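In the numbering used here, the protein residues as written are 9 to 351.
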Amino acid sequence: MQELVGKLHRQYDVAVQSGDLIFTDSTVKGITQGELEYEVRFAPALAKKPTAAKPAQSKQDKPADPFAAPYVPALHVDEVTVKAELEDGESDEQSFVVLLNKFCVQPRHFLLVTKEFVSQRLPLSPLEIYTTVKILHTLANPAATIQAEPHLAFFNCGELSGASQPHKHIQFIALPSGKTPFDKIIRDAKPKDASAKLDAQDRKLSAFTVSVLPFAHYITPIEFDPDDSVANTAGGLLARYLLLLDLAAENISQLQQQDDVDKSKLPSSASRMSYNLVVTLDYLMLVPRSQEKFESGASEAVPLNSLAFAGMPLVKSQEQLDTFAGGDIAKALASVCFPVARG
Numbered sequence: 009m010q011e012l013v014g015k016l017h018r019q020y021d022v023a024v025q026s027g028d029l030i031f032t033d034s035t036v037k038g039i040t041q042g043e044l045e046y047e048v049r050f051a052p053a054l055a056k057k058p059t060a061a062k063p064a065q066s067k068q069d070k071p072a073d074p075f076a077a078p079y080v081p082a083l084h085v086d087e088v089t090v091k092a093e094l095e096d097g098e099s100d101e102q103s104f105v106v107l108l109n110k111f112c113v114q115p116r117h118f119l120l121v122t123k124e125f126v127s128q129r130l131p132l133s134p135l136e137i138y139t140t141v142k143i144l145h146t147l148a149n150p151a152a153t154i155q156a157e158p159h160l161a162f163f164n165c166g167e168l169s170g171a172s173q174p175h176k177h178i179q180f181i182a183l184p185s186g187k188t189p190f191d192k193i194i195r196d197a198k199p200k201d202a203s204a205k206l207d208a209q210d211r212k213l214s215a216f217t218v219s220v221l222p223f224a225h226y227i228t229p230i231e232f233d234p235d236d237s238v239a240n241t242a243g244g245l246l247a248r249y250l251l252l253l254d255l256a257a258e259n260i261s262q263l264q265q266q267d268d269v270d271k272s273k274l275p276s277s278a279s280r281m282s283y284n285l286v287v288t289l290d291y292l293m294l295v296p297r298s299q300e301k302f303e304s305g306a307s308e309a310v311p312l313n314s315l316a317f318a319g320m321p322l323v324k325s326q327e328q329l330d331t332f333a334g335g336d337i338a339k340a341l342a343s344v345c346f347p348v349a350r351g
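Rendered as structure tokens:
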């Protein structure tokens, strides 16, 4: 995995030259609204994103899975198998494929995909979340001869999250500045006594929120130790991830009891909750979703995925950009999320 940075650069160049990867130019507009900073990416060409002609398909045929073998050679970066030795002498093992995103607005946007089909609706497994953070650490701490490239990872789970494919995948994008626009407010909101150590046996887990974000969200600090065992780190990450899911489910349950809440937007059960998960080397942030798109009043609604909750929403028209620049982006984000239940 240590060679991942070099492989990403080489394979990206190959994929662009072969035409198997379509890069779309975009610009980034920095917007500050109160205490919140945003980097709104404007990619007007995406409004005309080409779609491949669909082959004739009978009712019995399964939809094509772009994340299944055989892979497009130019988009195939690497294969990774992770194994955890458990205390009872058993072991847990899972295999993944690293693929470049076919349509990207940022260079070397890539995906960690389960080698066997797993539904995108299912929560991350211990080894899925471990491998995600391990890759982030590898990209930020590569071999001495390779320049570090801090990245952000994100997981869109459920039909309202912005997920585009049913085959489980976690996405990664580079952070040229080394941080997300929301990193500072999250760092400032973190309680000074909050432990970030990843320990599968830790029962004193904590989560926190950012007061200026006007929607339900849950954050827990993490600190990846590359020298710790896979099993312990994976267990520690899983415990923190499950804590966030539990807090989100508890909020949904409390909202069910409030008379002033639109019950039609609440999931029927916690297992059907859509959410976005933002993953950095410092924290996990989970945001439950009530709808997929921001109804801006513009001619077209704005789809929002996990990147919006890192302060990096994507827009495809000047009208959408003007709406964000001249409006209240935090309020737009809140419109696709749930409020915090009273009490």
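Note that CB positions come from ideal geometry on N, CA and C, so glycine has one too.
These figures come from a predicted structure and were not determined experimentally.
Given ALA278, which residues of its chain have a CB within under 6 Å of its CB, disregarding the five upstream and five downstream residues?
So the qualifying residues of the chain are ALA257.
Does the Cβ of LYS324 have 16 or more other Cβ atoms within 10 Å, making it buried, or fewer, making it exposed?
buried
Specify, as a first and last residue, the run of the alpha helix (DSSP H) that LEU12 falls within.
12-26
Between which residues of its own chain and PRO199 is the CB-CB distance below 8 Å, once the five residues before and five after are set aside?
Taken in chain order, the residues that qualify are SER214 and PHE216.
Quick check on the burial criterion: 16 or more other C-beta atoms within 10 angstroms. Buried or exposed for LYS91?
exposed
Beta carbon of THR32, beta carbon of LEU54: below 8 Å?
Cβ atoms of THR32 and LEU54: closer than 8 Å.
Can you round the beta-carbon distance between GLN102 and GLU157 to whole angstroms, since I take them to be within the 8 Å contact cut?
About 25 Å; that fails the 8 Å criterion.
Quick one, are the C-beta atoms of VAL80 and ASP28 less than 8 Å apart?
Yes, Cβ-Cβ distance for VAL80 and ASP28 is below 8 Å.
What separation, rounded to the nearest whole angstrom, lies between the Cα atoms of GLY353 and THR146?
This structure gives no information on residue 353, because the portion of the chain shown stretches from 9 to 351.
Give me the DSSP bridge partner(s) of GLN102.
VAL90
Under 8 Å by Cβ, that's how I've got THR122 and LYS176 pegged, so tell me the actual separation to the nearest angstrom.
The C-beta separation of THR122 from LYS176 comes to about 5 Å, placing the pair in contact by the 8 Å criterion.
Near GLN173, what residues of its chain come up, given a Cβ to Cβ distance below 7 Å and the 5 sequence neighbours on each side ignored?
Setting aside the 5 residues that flank it on each side, GLN173 is surrounded in the same chain by PRO74, PHE75 and GLN128, each with a C-beta closer than 7 Å to its C-beta; the list follows chain order.
Can you give the Cα-Cα distance for ASN149 and LEU130, rounded to whole angstroms?
30 Å
Distance, Cα to Cα, LEU83 vs TYR20?
8 Å
Taking the alpha-carbon positions, what's the GLU45 to LYS15 distance?
Looking at the two C-alpha atoms, the distance is approximately 33 Å.
Among GLU124, SER304 and ARG116, which residue has its Cα nearest to the Cα of ALA182?
Out of GLU124, SER304 and ARG116, the CA that lies nearest to the CA of ALA182 is found in ARG116.
Could you tell me which uninterrupted alpha helix (DSSP H) segments, each at least 4 residues in length, are contained entirely in the segment 227-282, listed from first to last along the chain?
238-263
Could you tell me which residues DSSP puts in a beta bridge with LYS142?
In DSSP, LYS142 forms no bridge with anything.
May I ask you to report which of helix, strand or coil DSSP gives SER314?
helix
What is the rounded straight-line gap between the Cα of ALA247 and the Cα of VAL287?
15 Å
Helix, strand or coil: how does DSSP classify LEU120 here?
strand
Go through its chain and collect everything with a Cβ distance to ASP207's Cβ below 6 Å, but skip five positions before and after it.
GLY244
What's the gap between the Cα of LEU251 and the Cα of ALA204?
14 Å
Measuring only the C-alpha atoms, how far is LYS271 from SER26?
49 Å
Beta-carbon within less than 8 Å of CYS345's beta-carbon, same chain only, minus the 5 sequence neighbours each way: which residues are those?
PHE223, ALA224, HIS225, VAL295, PRO296, ARG297 and SER298
Which residue marks the beginning of the beta strand (DSSP E) containing THR331, and which one marks its end?
From DSSP, THR331 is part of no beta strand (DSSP E) but of the alpha helix (DSSP H) over 326-334.
Using the DSSP secondary-structure output, state which residues sit across from PRO52 in a beta bridge.
Beta-bridge pairing links PRO52 to no other residue.
With respect to the alpha helix (DSSP H) encompassing LYS341, which residues constitute its N-terminal and C-terminal limits?
Going by the sequence as given, residue 341 is Leu instead of Lys. LEU341 -> alpha helix (DSSP H) spans 337-342.
Taking the C-alpha atoms as reference points, what is the distance between PRO134 and ALA242?
5 Å
Do you know how far the Cα of ALA161 is from the Cα of PRO189?
14 Å
Please classify THR139 as buried or exposed, where buried requires at least 16 neighbouring CB atoms within 10 angstroms.
buried
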